[in-house]
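Inspection log for the structure reproduced underneath, given as structure tokens.
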Amino acid sequence: MFQGRRERNLMIIRQAKVNDWKGIARVHVDCVRSSYKNILPPDTLDKFTYNTREQRWKKDLPSSTTGGTMTYVVEDGNGTIVGFSLAGTMRDARLRIKYTGEIYGVYVHPDVQGKGYGRKLFECAIQHLTSVHFSTIALWTFKDLQSGAFFKHLDGEQVYEKSTTIGGEKLEEIAYGWDNLKPFSVLTEDLN
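Just so you know, the UniProt record's numbering puts 151 at position 151 of the sequence shown, and the rest follows in order with no gaps.
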């Protein structure tokens, strides 16, 4: 468990437990509704509810906390889950040629963004991926999300673009990759 102080806020990052599904679902829904509101079609956002996400996370979380896939959560000083990251084996065949690990997502509740939680969750995901011997990683994000600036700030290199259709609308996605994870290894030593 990592504990650190950031701008007078207590931050506790830990591996998710199977009973964290409700807190993760709340963060997931609030992030998607806030960040994706001008990207995803309204019908798609309307289907992204607390109830549907809670059911999905309750079902999927047990397999996302063991083996090659790992979910981390960050709690605020009150023990409330305010963010999570999820990482594992690269799923995309195009990227798998060069990148072995994938960060499936880094989500920080809109009310607490900008406090360092996202960076620490990213570092935890990398620590996990390197612990299971992945030496390169990549992730996907929508082109118009501000998360692209975040990943560039973390030295992610734009390595691929693709179009995808969601709810009948064509959207552009960008993959960011990291060939060198060593700069993050020093930052994550406290997590072992």
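Positions of the beta carbon are idealized from the N, C-alpha and C atoms, including for glycine.
What you are looking at is a predicted structure, and each value in this text was computed from that prediction instead of being measured.
Which of the three DSSP states is assigned to residue i in this structure?
i: G4; result: Per-residue confidence for G4 stands at a pLDDT of 41, beneath the threshold of 50, marking its modelled position as unreliable; the derived number appears in the next sentence. Looking at G4 - three-state DSSP - the assignment turns out to be strand.
i: V186; result: Confidence at V186 is low in this model, with a pLDDT of 49, below 50, so the placement of that residue should be treated as unreliable; the coordinate-derived value is given next. Of the three classes helix, strand and coil, the one that applies to V186 here is helix, per DSSP.
i: R91; result: coil
i: N192; result: Interpretation of N192 is limited by its pLDDT of 40, a score under 50 that renders its predicted location unreliable; no figure is taken from the coordinates.
i: A175; result: strand
i: K162; result: strand
i: K22; result: helix
i: G167; result: coil
Exposed or buried, which one is residue i when buried takes at least 16 other CB atoms within 10 Å?
i: E161; result: exposed
i: E75; result: buried
i: E169; result: exposed
i: I24; result: buried
i: S34; result: exposed
i: K172; result: Checking the displayed sequence, the identity of residue 172 turns out to be Glu instead of Lys. The residue in question, E172, is exposed, as its Cβ has fewer than 16 Cβ neighbours within 10 Å.
i: Y99; result: buried
i: S63; result: exposed
i: A138; result: buried
i: S85; result: buried
How long is the line joining the alpha carbons of residue i and residue j, rounded to whole angstroms?
i: W140; j: K59; result: 23 Å
i: L10; j: P41; result: 36 Å
i: I166; j: K152; result: 25 Å
i: residue 239; j: Y176; result: Lying before the first or after the last residue shown, residue 239 is absent from the chain, which here runs from 1 to 192.
i: D155; j: W178; result: 7 Å
i: L45; j: Y72; result: 25 Å
i: G83; j: Y107; result: 5 Å
i: G67; j: G101; result: 13 Å
i: F48; j: I97; result: 32 Å
i: H28; j: E54; result: 10 Å
i: G114; j: A125; result: 18 Å
i: N19; j: I81; result: 12 Å
i: W21; j: H109; result: 15 Å
i: T136; j: N51; result: 35 Å
i: R14; j: L181; result: 21 Å
Quick one: what's got a C-beta closer than 8 Å to residue i's C-beta in the same chain, skipping five residues either side?
i: I174; result: W140, T141, F142, K143, G148, Q158, Y160 and E161
Below 7 Å CB to CB, which residues in the same chain sit around residue i once its five sequence neighbours on both sides are set aside?
i: V186; result: At V186, the pLDDT of 49 sits below 50, so the modelled position is not reliable; the number obtained from the coordinates is stated separately. The answer is none, since no qualifying residue turns up.
i: F150; result: G118
i: F184; result: E123 and I126
i: L145; result: S35 and I39
For residue i, which residues of its own chain have a beta-carbon under 6 Å away from its beta-carbon, when the five flanking residues on both sides are left out?
i: G77; result: L10
i: A16; result: T65, T71 and V73
i: V112; result: V82
i: G88; result: G68 and T69
i: V32; result: F48
Threshold first: 3 residues or longer. Then list the beta strand (DSSP E) segments lying entirely within the stretch 25–83, N to C.
70–75
Which residue spans inside the stretch 113–142 form an unbroken beta strand (DSSP E) run of at least 3?
137–142
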